[in-house]
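Trainee: Attaching a single structure in structure tokens format; questions to follow.
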Amino acid sequence: MLRYESVGMRYADGTTALESVSLRVPRGQFCVVLGASGAGKSTLLRMANGLTAPTRGEVWVDGTQVQASSLAAVRPRIGMVHQHFNLVPRATVATNVLSGALPGLPAWRAYLMRFPAELRERACRLVREVGLQPEHLRRRVSELSGGQQQRVGIARAFMLAPAVLLADEPVASLDPRISRDILELLRNQARERGATVLCSLHQVDLAREFADRIVALRHGLIVFDGPAGQFDEATARALYQAARPTGAAMSPGPASPRAAPSIRPVALSAGGAQ
Ligand code: ADP
120 MLRYESVGMR YADGTTALES VSLRVPRGQF CVVLGASGAG KSTLLRMANG
170 LTAPTRGEVW VDGTQVQASS LAAVRPRIGM VHQHFNLVPR ATVATNVLSG
220 ALPGLPAWRA YLMRFPAELR ERACRLVREV GLQPEHLRRR VSELSGGQQQ
270 RVGIARAFML APAVLLADEP VASLDPRISR DILELLRNQA RERGATVLCS
320 LHQVDLAREF ADRIVALRHG LIVFDGPAGQ FDEATARALY QAARPTGAAM
370 SPGPASPRAA PSIRPVALSA GGAQ
């Protein structure tokens, strides 16, 4: 389970990325975070593996608070898939997938990149499971298509059988048909392992198709939280229209300018939509 308790984030330059967010994502749920650019989606995700530390509130992963002193214990339990894949292009597929196991290795093994046989076997299995061929293992990542590279990214993210999978705009660099394949793969891999997924997207149709639950952020606040089926056209329009940088929307005023009148926040019990 992934839990945010009254989390806020104000960057050093004074930008408030998150106001106050409380969210519980239960084990095995595929939760999609929607919101316009700058709404705080990446900041929210990055807090779960300690890449960004909240300036207020707490983040918990399976009973451990995410903080500097717990990162070594928390990171092996969290996988991450990135928009631009974050692979090493000149390294082989095998090396990139195996690197997903580095947070769980003793320092000397990580330094020497010496992976036990069990991990090498797991990497081969994962490469097959994500739809690549054994001959891809020795290919350089730079020789693969974008869709294939994201398959490598997904295999890498599952190397340590993470309890939580963070996916930050995982299909933003891919065309629509491949995006669907990649999200299906992500969902199936997570489902088989009972992993919790927190995934930011900007495509509402894909969110509705793949999410169990949608959480929508606007200006660092949750403005919708509910089952994917309840996130209808009107709600989507309200979310993105309200985010337009018009003077009225951007300048603080007396009548709570951050409230989007036509978005219906859905109050859910702890754990949200199942
Ligand atoms: P999203 O992922 O929804 O686009 P982000 O979490 O990336 O939103 O950003 C939320 C807000 O925080 C934006 O205004 C962004 O410019 C700002 N921000 C993000 N990272 C930093 C940073 N390192 N320093 C200052 N401001 C940042």
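Following this note's numbering, the numbering of the sequence shown begins with 120 at its first residue and continues without gaps. Using N, Cα and C, we set each Cβ at its ideal position, and we do this for glycine too. Because the structure is a prediction, the values reported are computed rather than measured.
(1) Can you tell me whether Val249 is buried or exposed, with buried defined as 16 or more other CB within 10 angstroms of its CB?
(2) What residues in its chain sit with their C-beta under 6 angstroms from that of Arg110, if we drop five residues either side in the sequence?
(3) On the three-state DSSP scale, how would you describe Leu284?
(4) Taking the beta strand (DSSP E) that Asp344 belongs to, which residues open and close that run?
(5) Is it true that the stretch 307–323 meets the stretch 270–289, where meeting means three or more beta-carbon pairs spaced less than 8 angstroms apart?
(6) State yes or no: is the C-beta of Tyr130 nearer than 7 angstroms to some heavy atom of the ligand ADP?
(7) Measuring only the C-alpha atoms, how far is Ala335 from Arg239?
(8) Which first and last residues belong to the alpha helix (DSSP H) in which Ala335 is found?
(9) How about Ala276 and Gly223: are their beta carbons less than 8 angstroms apart?
(10) Would you say the beta carbon of Ala167 comes nearer than 7 angstroms to a heavy atom of the ligand ADP?
(11) Using the Cβ count rule (16 or more neighbours within 10 Å means buried), how would you classify Asn168?
(12) If you check the beta carbons only, do Ala213 and Leu256 fall under 8 angstroms apart?
(13) Can you list, in chain order, the residues of its chain with a C-beta nearer than 7 angstroms to that of Ala309? Leave out the 5 residues immediately preceding and following it.
(14) Counting C-beta neighbours from all protein chains within 10 Å, is the total for Ser261 16 or more, i.e. buried, or is it exposed?
(15) Let me make sure I understand the geometry here. Which of Asp331, Pro225, Gly272 has the alpha-carbon closest to that of Pro145?
(16) Answer with buried or exposed for Gln267, where buried requires no fewer than 16 other C-beta atoms within 10 angstroms of its C-beta.
(17) Following the continuous beta strand (DSSP E) through Ser161, name the residue where it begins and the one where it ends.
(18) Should Asn205 go down as buried or exposed, given a rule of 16 or more other Cβ atoms within 10 Å for buried?
(19) Given a cut-off of 8 angstroms on the beta-carbon distance, is the pair Arg175 and Ser125 in contact?
(20) If you draw a straight line from the C-alpha of Pro295 to the C-alpha of Trp227, how long is it?
(21) So Arg270 and Leu251 are supposed to be a Cβ contact under 8 angstroms. How far apart are they, rounded?
(22) Is Pro158 near the ligand ADP, judged by its Cβ being under 7 angstroms from some heavy atom?
(23) My parser needs the alpha helix (DSSP H) runs of 4 or more residues fully inside the stretch 169–256; what are they?
(24) Would you grab the beta carbon distance between Gly159 and Ala136 for me? Rounded to a whole angstrom, and I think it's under 8 angstroms.
(25) Within a Cβ cutoff of 7 angstroms, which residues of the same chain sit near Ser189, ignoring the five residues on either side of it in sequence?
Mentor: Judging by the given coordinates:
(1) Flag for Val249 reads buried.
(2) This structure cannot speak to residue 110, because the chain is shown only from 120 to 393.
(3) In the structure shown, Leu284 adopts extended strand secondary structure according to DSSP, grouped into three states.
(4) DSSP places Asp344 in the uninterrupted beta strand (DSSP E) bounded by 340–346.
(5) Because the criterion of three Cβ pairs below 8 angstroms is met, the stretch 307–323 and the stretch 270–289 touch.
(6) Yes, since a heavy atom of the ligand ADP falls inside the 7 angstroms radius drawn around the Cβ of Tyr130.
(7) Looking at the two C-alpha atoms, the distance is approximately 39 angstroms.
(8) For Ala335, there is no enclosing alpha helix (DSSP H); the enclosing beta strand (DSSP E) has its first and last residue at 332–337.
(9) Cβ distance not < 8 angstroms, so Ala276 and Gly223 don't count as in contact.
(10) No, the ligand ADP has no heavy atom inside 7 angstroms of this Cβ.
(11) Result: buried.
(12) The answer is yes: Cβ separation under 8 angstroms.
(13) Once the five neighbours on either side are set aside, the close Cβ partners of Ala309 are Phe149, Leu284, Val316.
(14) Around the beta carbon of Ser261, fewer than 16 other beta carbons lie within 10 angstroms, which makes this residue exposed.
(15) Checking every option, the nearest Cα to that of Pro145 belongs to Asp331.
(16) That one is buried.
(17) No beta strand (DSSP E) contains Ser161, which is instead part of the alpha helix (DSSP H) from 160–167.
(18) Here Asn205 is exposed: its Cβ has fewer than 16 other Cβ atoms, across all protein chains shown, within 10 Å.
(19) Yes, these two residues count as a Cβ contact at 8 angstroms.
(20) Their Cα atoms are separated by approximately 42 angstroms.
(21) Going by Cβ atoms, the distance from Arg270 to Leu251 rounds to 6 angstroms, so yes, they are a contact pair.
(22) Reading off the sequence shown, one finds Ala at residue 158, where the question assumed Pro. It does: the Cβ of Ala158 is within 7 angstroms (strictly closer) of some heavy atom of the ligand ADP.
(23) Listed in chain order, the complete alpha helix (DSSP H) runs (minimum 4 residues) inside the stretch 169–256 are 190–193, 212–217, 226–231, 236–248.
(24) Confirmed, about 5 angstroms.
(25) Hits under 7 angstroms: Thr183.
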